[in-house]
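Written out below as structure tokens is the structure these notes cover.
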Amino acid sequence: APPAVAAVVAPTVAEGLEAMRGAPGRQVSCPMLEPAACSAPDKLRFLDLWAEKVKCWLCTEVSEELSKSAVKIIKELASLNIGFTLDRGMQITEEWLNSCLPLYLLAMLSTTRAARLQPWALYRLALNTLWSCRYDEQEFFGAFGVTPGQLSYLFGLIGQPYDPTPQILELQMLERGAADVPSKKAPGHLAWSAPLVIDVGMGLGADSRYYLRQGFRVVGIEANPVALDTALADPGTQPYLLSGQLTVLNAAISAANGTEASMPFWVIPHRPEQSKAVSWVALDGGEEVSVRTVRCADLLRLYGEVIYMKVDVEFNTIDCLSSLAREAEIRRAAAAGFGARAASEGFWRPPKYISVEVEATDLIGDFYKHLVSLGYDSYKVCRQYIF
Numbered sequence: 001a002p003p004a005v006a007a008v009v010a011p012t013v014a015e016g017l018e019a020m021r022g023a024p025g026r027q028v029s030c031p032m033l034e035p036a037a038c039s040a041p042d043k044l045r046f047l048d049l050w051a052e053k054v055k056c057w058l059c060t061e062v063s064e065e066l067s068k069s070a071v072k073i074i075k076e077l078a079s080l081n082i083g084f085t086l087d088r089g090m091q092i093t094e095e096w097l098n099s100c101l102p103l104y105l106l107a108m109l110s111t112t113r114a115a116r117l118q119p120w121a122l123y124r125l126a127l128n129t130l131w132s133c134r135y136d137e138q139e140f141f142g143a144f145g146v147t148p149g150q151l152s153y154l155f156g157l158i159g160q161p162y163d164p165t166p167q168i169l170e171l172q173m174l175e176r177g178a179a180d181v182p183s184k185k186a187p188g189h190l191a192w193s194a195p196l197v198i199d200v201g202m203g204l205g206a207d208s209r210y211y212l213r214q215g216f217r218v219v220g221i222e223a224n225p226v227a228l229d230t231a232l233a234d235p236g237t238q239p240y241l242l243s244g245q246l247t248v249l250n251a252a253i254s255a256a257n258g259t260e261a262s263m264p265f266w267v268i269p270h271r272p273e274q275s276k277a278v279s280w281v282a283l284d285g286g287e288e289v290s291v292r293t294v295r296c297a298d299l300l301r302l303y304g305e306v307i308y309m310k311v312d313v314e315f316n317t318i319d320c321l322s323s324l325a326r327e328a329e330i331r332r333a334a335a336a337g338f339g340a341r342a343a344s345e346g347f348w349r350p351p352k353y354i355s356v357e358v359e360a361t362d363l364i365g366d367f368y369k370h371l372v373s374l375g376y377d378s379y380k381v382c383r384q385y386i387f
């Protein structure tokens, strides 16, 4: 991502609109900011609030005013004359093109947080708008501080259980790389032959379901048994369990040199999304459970080549990285002392792609050290609160 990850409409919304008017020879099927519609006072106020929101995602006062403004815009959206074609494409009417399209997308995002808060028809509309308009990622990010791909991820994640949108497959080309994701319609397709994603910190399963819908095989690791039960009870999860495309493991991540077969873990029965490997959770009503442990390096040894690993296990994330780094160091030492053939016995290599949550800035140095030792040399930093 660009260094200035908080880039927003600049220097002012009014000047940005003026620049759009004066752009010679500009031909776009969907205007980024339609001058007349986006110049309305309520739209300008929303854009200014959105700019403040991107700079300070957790500022309560801005969030409250932005949400109220977004609700008004969404109500306006629901009254527009928009038609759908039978193949899930959009028939964009003149009224639709003459509206302030990106604002409707941002309004949907600002009123959504990992749950379906609007009618599914609006999420479908948002996805089809992004698909049909094909906004330039860099240009959209420069204007609004968020990319069309990020918006598509969120809306697709929430809406797919209601009406899967096949176009989202294209958004996963980077993750899939050269890997050939078998078609479920192909004769003799085997779920376990698809490229593998390991979801360390599966939680309630939203990310895992997203990977599964892209055709990946998924191994989900989750220490919280309450969260795991919730994830497996989801109707969007069950078909993948039956087909073998999804495997789950109720386990906590162990340190690189950990020897304990299990460890204490604290869960909150009425809050399946909340759990910690630290005892102070008991003060919030947490209950202690004993969970078996697993090292991240052993997951790769057991399940084979991994195209992508997501790691989000709070302060145990560093344990996962150190486990992978230690295994890589052992294999390098084996190669130096006994030759590459000895080191390669028993397949093991780091995931092709890996993402981790940075729980605290003082961990960045250790994270970076481990990632370098694993051979990674390209990085992208994302704001978690945009999702």
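Mind the numbering: the sequence shown is residues 1 to 387 in our numbering, read in order. We put the CB at the ideal spot given by N, CA and C, even for glycine.
Helix, strand or coil: which one does DSSP assign to E288? strand
Cβ of Y303 within 8 Å of Cβ of I221? no
Taking 7 Å as the limit between beta carbons, can you name the residues of its chain near W348, skipping five residues before and five after? L300, R301, E327 and R331
Beta-carbon spacing of D319, A256 below 8 Å: yes
Note down the Cα distance separating N49 from C56, rounded to an integer number of angstroms. Going by the sequence as given, residue 49 is Leu instead of Asn. Cα-Cα distance, rounded: 11 Å.
Determine, using beta carbons only, whether A231 and M202 come nearer to each other than 8 Å. yes
Where V200 falls: helix, strand or coil (DSSP): strand
Take P351 as the anchor and find which of A336, F367, C296 and I74 has the nearest alpha-carbon. C296
Report buried or exposed for S99, applying the criterion of at least 16 other Cβ atoms within 10 angstroms of its Cβ. buried
Own chain partners of A70 with C-beta closer than 6 Å, once the 5 adjacent residues on each side are dropped: A107, S110 and T111
Quick one: what's got a C-beta closer than 8 Å to D42's C-beta in the same chain, skipping five residues either side? S69, K72 and I73
Where does the unbroken alpha helix (DSSP H) through W266 begin, and where does it stop? Taken as a continuous stretch (DSSP letters only), W266 belongs to no alpha helix (DSSP H), being part of the beta strand (DSSP E) at S262 to V267.
Reference L105; option with closest CA among V62, E61, T60 and Y153: Y153
Among the residues of its own chain, which have a CB less than 8 Å from the CB of P2, if the five just before and after it don't count? Low confidence applies to P2: its pLDDT is 30, below 50, so where it sits in the model is not reliable, and the reading given next is rough at best. Around P2: F141.
Can you tell which of L249, V226, P239 and A334 has the C-alpha that lies nearest to the C-alpha of W266? V226
Using the rule of at least 16 other Cβ atoms within 10 Å of the residue's Cβ for burial, across every protein chain shown, is A51 buried or exposed? buried
Neighbourhood of Y353 by C-beta distance below 6 Å, restricted to the same chain and skipping five residues each side: Y308
Between which two residues does the beta strand (DSSP E) carrying M309 extend? Y308 to V311
For R213, tell me which candidate among T237, L77 and L249 has the shortest Cα-Cα distance. T237
What is the rounded straight-line gap between the Cα of L17 and the Cα of E34? Note that L17 scores a pLDDT of 34, beneath 50, so its modelled location is shaky; the value from the coordinates is reported in the next line. Distance between the alpha carbons of L17 and E34 is about 8 Å.
How is the beta strand (DSSP E) around Y389 delimited, first residue to last? Outside the displayed range of the chain (1 to 387) lies residue 389, so it cannot be described from this structure.
Close-in-space but distant-in-sequence residues of the same chain around L77 (CB under 6 Å, 5 per side omitted): Y104
Given that a residue counts as buried once 16 or more other Cβ atoms are within 10 Å of its Cβ, and exposed if not, what is R134? exposed
Backbone secondary structure at V28 - three-state DSSP: Because the pLDDT at V28 is just 39, under 50, the model does not fix this residue reliably, and the value given afterwards should be weighed accordingly. Coil, per DSSP.
If you measure between the beta carbons of V200 and S208, is that distance less than 8 Å? no
Count the other CB atoms within 10 Å of the CB of L321; is the residue buried (16 or more) or exposed (fewer)? buried
Could you give the residue range of the alpha helix (DSSP H) that holds Y240? Q238 to S243
Buried versus exposed, by CB contacts within 10 Å (16 or more), G22: Its pLDDT being 36, under 50, G22 is placed unreliably by the model, and the measurement read from it follows with that caveat. Exposed, by the Cβ-count rule.
According to DSSP, is A297 part of a helix, a strand, or is it coil? helix
7 Å Cβ shell around V358 - same chain, five flanking residues per side excluded: I364 and F367
8 Å CB neighbourhood of E287 in its chain, flanking five on each side removed: W266, V267, I268 and P269
Return the first residue and the last residue of the alpha helix (DSSP H) that S79 is part of. Taken as a continuous stretch (DSSP letters only), S79 belongs to no alpha helix (DSSP H), as it is neither H nor E.
Length of the line joining the Cα atoms of S132 and L151: 14 Å
Are H370 and A335 touching if we call contact CB-CB under 8 Å? no
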